[in-house]
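Undergrad: Could you have a look at this structure, given as structure tokens, before my questions?
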Amino acid sequence: METTRLVTVDDAEELTALLLDNREFLAPWEPLHDEEYFTVAVQRALLESALMDHANGRRLPLTIVDGGRIVGRLNLSGITRGGLQSAAVGYWVAADSNGRGIATRAVAEVVELAFGELHLHRLQAETLPENTASQRVLERNGFTRFGVAPEYLRIAGEWRDHHLFHRINRDWRP
Numbered sequence: 190m191e192t193t194r195l196v197t198v199d200d201a202e203e204l205t206a207l208l209l210d211n212r213e214f215l216a217p218w219e220p221l222h223d224e225e226y227f228t229v230a231v232q233r234a235l236l237e238s239a240l241m242d243h244a245n246g247r248r249l250p251l252t253i254v255d256g257g258r259i260v261g262r263l264n265l266s267g268i269t270r271g272g273l274q275s276a277a278v279g280y281w282v283a284a285d286s287n288g289r290g291i292a293t294r295a296v297a298e299v300v301e302l303a304f305g306e307l308h309l310h311r312l313q314a315e316t317l318p319e320n321t322a323s324q325r326v327l328e329r330n331g332f333t334r335f336g337v338a339p340e341y342l343r344i345a346g347e348w349r350d351h352h353l354f355h356r357i358n359r360d361w362r363p
């Protein structure tokens with residue numbers, strides 16, 4: 190059973206409700222969001238933009254599902270072709286679905302897709318230093334830590350260092 194599927198614009202209501210329910214849980218790991226972010230209209234617009242990027246080959250916007258309901262999001266973003274053949278992985282799972290292996294399965298699916306059908310050579314992900322759960326998800330999926338990016342992203346209103354992880358597709362051939 191698959192854990193991920195491509196988002197649709199029709200997911201906007203369910204995703205908005207999930208974001209509202211998990212607002213406090215996600216806040217330490219996310220940029221600050223204004224009130225408008227937590228509306229169906231803004232989420233619909235963000236999904237439309239993500240799907241446009243997908244149509245242009247720059248992003249793979251997925252939902253993470255469990256038992257038929259959406260429990261999180263996963264994106265392959267910044268898909269770059271040419272000499273790089275790379276993308277960035279980002280994901281989150283709702284509080285009530287944490288610790289059950291769902292994120293690990295979702296990342297495994299996207300790694301398989303990225304190195305298979307999408308024919309990418311490298312995936313990268315970043316975590317806050319204290320986000321050990323996310324680091325374990327990446328490590329279980331063959332990612333290795335390769336450095337620290339000082340003041341990499343503005344999270345919860347502050348510029349925060351991030352641990353950098355990557356996974357190389359050693360079987361990649363042109």
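For what it's worth, our numbering labels the leading residue of the sequence shown as 190, then goes sequentially.
All C-beta atoms, glycine included, are put in the ideal place defined by N, C-alpha and C.
1. Helix, strand or coil for F332, going by three-state DSSP, please let me know.
2. Have a look at I357 and E319 and give me their C-alpha separation to the nearest angstrom.
3. Find the nearest neighbour of A370 within the set A234, F335, A303, Y341, judged by alpha-carbon distance.
4. If you scan the segment 301 to 326 from start to end, which runs of the beta strand (DSSP E) of 3 or more residues do you find wholly inside it?
5. In angstroms, rounded to a whole number, what distance separates the CA positions of R334 and H352?
6. If you drop the 5 nearest sequence neighbours on each side, which residues of the same chain put their C-beta closer than 7 Å to that of A148?
7. Is the Cβ-Cβ distance between E298 and E191 less than 9 Å?
8. Exposed or buried, which one is H355 when buried takes at least 16 other CB atoms within 10 Å?
9. Would G331 count as contacting chain C if we go by Cβ distances under 9 Å?
10. Measure the Cβ-Cβ separation of R262 and Y280 and say whether it is below 9 Å.
TA: To lay it out plainly:
1. Position 143 of the sequence shown holds residue 332. Three-state DSSP puts F332 in coil, outside helix and strand.
2. Taking the sequence shown and counting its residues from 1, the one referred to as residue 357 is at position 168. Taking the sequence shown and counting its residues from 1, the one referred to as residue 319 is at position 130. Cα to Cα, I357 sits roughly 24 Å from E319.
3. Past the boundaries of the shown model lies residue 370; the chain is included only from 190 to 363, so the question cannot be answered.
4. 311 to 316
5. As a position in the sequence shown, residue 334 is number 145, starting the count at 1. As a position in the sequence shown, residue 352 is number 163, starting the count at 1. C-alpha separation (whole angstroms): 7 Å.
6. A query on residue 148 cannot be resolved here, the shown segment of the chain reaching from 190 to 363 and no further.
7. Locating residue 298 in the sequence shown gives position 109, where the first residue counts as 1. Locating residue 191 in the sequence shown gives position 2, where the first residue counts as 1. It is a contact, given that the beta carbons lie within the stated cut-off.
8. Stepping through the sequence shown from its first residue, residue 355 is reached at position 166. With 16 or more Cβ atoms within 10 Å of its Cβ, H355 is classed as buried.
9. No chain C is present in this structure, which holds just one protein chain.
10. Along the sequence shown, read from residue 1 onward, the residue named residue 262 stands at position 73. Along the sequence shown, read from residue 1 onward, the residue named residue 280 stands at position 91. Yes.
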